[in-house]
Structure formats: structure tokens, C-alpha cells
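Novice: In UniProt numbering, the protein residues as written are 1 to 301.
(1) Taking the alpha-carbon positions, what's the residue 170 to residue 100 distance?
(2) Taking the alpha-carbon of residue 136 as reference, which of 14, 247 and 31 has the nearest alpha-carbon?
(3) Could you give the residue range of the beta strand (DSSP E) that holds residue 106?
(4) Determine the contact status of residue 172 and residue 40, defining contact as a CB-CB distance below 7 angstroms.
(5) Taking only runs of the beta strand (DSSP E) that begin and end inside the stretch 161-245, which ones reach a length of at least 3 residues, in chain order?
(6) Can you grab the Cα-Cα spacing for the pair residue 108 / residue 184, in whole Å?
(7) Let's test the definition: count the other Cβ atoms within 10 Å of the Cβ of residue 144 and tell me whether it reaches 16, buried, or not, exposed.
(8) Quick check on the burial criterion: 16 or more other C-beta atoms within 10 angstroms. Buried or exposed for residue 257?
(9) Go through its chain and collect everything with a Cβ distance to residue 15's Cβ below 8 angstroms, but skip five positions before and after it.
(10) Report the CB separation of residue 34 from residue 176 in whole angstroms; it is logged as a contact under 8 angstroms.
(11) Would you identify the three-state DSSP class for residue 33, choosing helix, strand or coil?
(12) Out of 20, 168, 73 and 141, which has the shortest C-alpha to C-alpha gap to residue 5?
(13) For the beta strand (DSSP E) that contains residue 67, what are its first and last residues?
(14) Leaving out five residues on either side along the sequence, give the residues of the same chain with a beta carbon under 6 angstroms from the beta carbon of residue 140.
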């Protein structure tokens, strides 16, 4: 581990321990949230065709570049909070959506101040025990919306202490990024593959395959999040040092074998997929990746 990264890791560890010692949070009041982009087409990078075929087309619905944002969050006691999704559109979809997910719309399909306030109001401030237990700690990365003064004020007003993971350290210190996002995406991709092979599909007037219905995407998110076990959630926050014992007895758990095992999850995904919420991106780069189009790309659903 580079010395600069090690310094950041140790500094965050000290901040977390000092804060927990001072505030005496119970595990159910320690939470983590992360945004992750996904695309309406989730083709794997593996294909099967006749031996000797030089070019094998990958079957898609033509929506490889159309993204949405999933917001996942959990607590150190193993509770998974209600997932949320941000679709790229101006108006809420008219179709009936699953009740176990929070749906937001935003012109670029990403998390801005309005969406983040909505998530705080509908998910974080409604987490189990929030009204009774008061003080809490929320761990997230340096994505610019998290650092807005308005967001900091709202957290303070609701007695939530913010713990910001330093840039360049999310692959070591962010539980969802380290342990949970990939296992979550595996069933998402499996459901997409099954839909492409066996699912009922509709065609446009010119014969193109219509994109997934939003309700279907929402249900996949709910089902895939449900597949993540509570024990995995508990261990992910422990392994990243967020919930380890403040007396130092669990220090050897940090960055141990379990974190390394995340590479054992074999994903059938395009390795060039870009994470728009990468903590190394500037806001300008982020906006360029998302594009400036205000079109409601998914109105055809």
C-alpha cells in the first residue's frame, strides 16, 4: 500500500474511532451509502457460437449507453435499507412500480442535491430506530453532492455525523464498493440475460427491440438487493474498519482475507464499464460522462 494511501487510511480510522468513542453509537446507528451507475443493457463479455466463427455478435436491446443510478445503503448491524434508483427523465413514470424501492427522476440520471435530499428524507431519516435513537454516523465518499453545505446542514439538523472517505481510498474503505456492489450486480446481470433469452419483449414500429420497462428494472434491483445476506453486510463494514471494536481487538480483521475474496466473484461484465461516481473524477469530467442532453430518453417504456 502506498504511504500516501496508508496515511489517509490511518487518518480515517482514527477519526472513526474517536467519533464512536465520543458519541457511543450503537451498530444500528452506523450506516453507509453509495451510488453506482448501471445501464439498461447488461451484456456479458462472454459469447457462445459455432466453432470457427470469427465474429460473434453480442445480443443487446440497443440501450447499452442508457444509464440509471442505483443508491444502496446499509447499517453496521446487518440491516439493508430500502434501495433507490434515479432514472434519466423529467417526470415520474406512470406505470405501477414496486413498493420496496424509492424512485427518483433527474434529467441526467444522476444524484444531485434534490435527489440526495430525497434519499435522506425517504431512506436515511426513516431507517429503523432513527426517531428513537437520535445520533448516527453516515459513511460515504467524496462525491460532490455529499459535500454541499446544504447537505451538511441537513445532516447536522438531524444529528447525523458525516464520515467522508478520502479520495483514492474507496477501494479499501467503502464497504459497498469493496464487498457488496459486485455480488449485487451478478444477479442483476443474470436477470438481464434471462430476459434477453426468455423474456416477453415488444418491438417499436420500425422493428427495433424496446427497452426494459422501468418496473422490471426496479423489481430486479429489489430482488438482487434481497439476495445480499445480512452477515455479508455486517462483515463488509467490519472489514473496512467502520464498525470494528473501538478497543482495538478486531484490528487484524481490517483488509483481511474477506476483502481479498471480492476478486473471487466472477462477473460476466464489460470490464470497460465506467463508474461515473469514481472518486477520482472532477465534477466537470462527471458531467461530460453523463452528457448534457435533457431528452427524456426512456419515455418510450
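Where a beta carbon is used, it is the ideal one built from N, C-alpha and C, also for glycine.
Specialist: According to the data block:
(1) As a working mapping, residue 170 is identified with position 170 in the chain shown. As a working mapping, residue 100 is identified with position 100 in the chain shown. Each residue's alpha carbon lies about 28 angstroms from the other.
(2) Your numbering for residue 136 matches position 136 in the chain shown. When only C-alpha atoms are compared, the closest one is 31.
(3) For the purposes of this step, residue 106 is taken as the residue at position 106 of the chain shown. Residue 106 -> beta strand (DSSP E) spans 102-106.
(4) As a first step, residue 172 is located in the chain shown; it is residue number 172 there, counting from the start. As a first step, residue 40 is located in the chain shown; it is residue number 40 there, counting from the start. No, they are not a contact pair.
(5) none
(6) The count along the chain shown starts at 1 and reaches residue 108 at position 108. The count along the chain shown starts at 1 and reaches residue 184 at position 184. Taking the straight line from one Cα to the other gives about 23 angstroms.
(7) One-based indexing of the chain shown puts residue 144 at position 144. So residue 144 ends up on the exposed side.
(8) For this step, residue 257 is matched to residue 257 along the chain shown. Bear in mind that a pLDDT of 41 at residue 257, under 50, signals an unreliable position, so the number given afterwards is only what the model happens to contain. Answer is exposed; the Cβ neighbour count stays below 16.
(9) Residue mapping note: residue 15 aligns to position 15 of the chain shown, counting from 1. Same-chain partners within the cutoff: 163.
(10) Locating residue 34 in the chain shown gives position 34, where the first residue counts as 1. Locating residue 176 in the chain shown gives position 176, where the first residue counts as 1. Yes, residue 34 and residue 176 are in contact; Cβ-Cβ is about 4 angstroms, under 8 angstroms.
(11) Mapped onto the chain shown, residue 33 falls at position 33. Three-state result, residue 33: strand.
(12) To locate residue 5, count along the chain shown from 1; it is residue 5. With distances taken between Cα atoms, residue 5 lies closest to 168.
(13) As a first step, residue 67 must be located in the chain shown, where it is residue number 67. It spans 67-75 - the beta strand (DSSP E) in which residue 67 sits, taken as one unbroken run.
(14) Along the chain shown, read from residue 1 onward, the residue named residue 140 stands at position 140. Closer than 6 angstroms at the Cβ level, and outside the excluded window around residue 140, lie 33 and 146.
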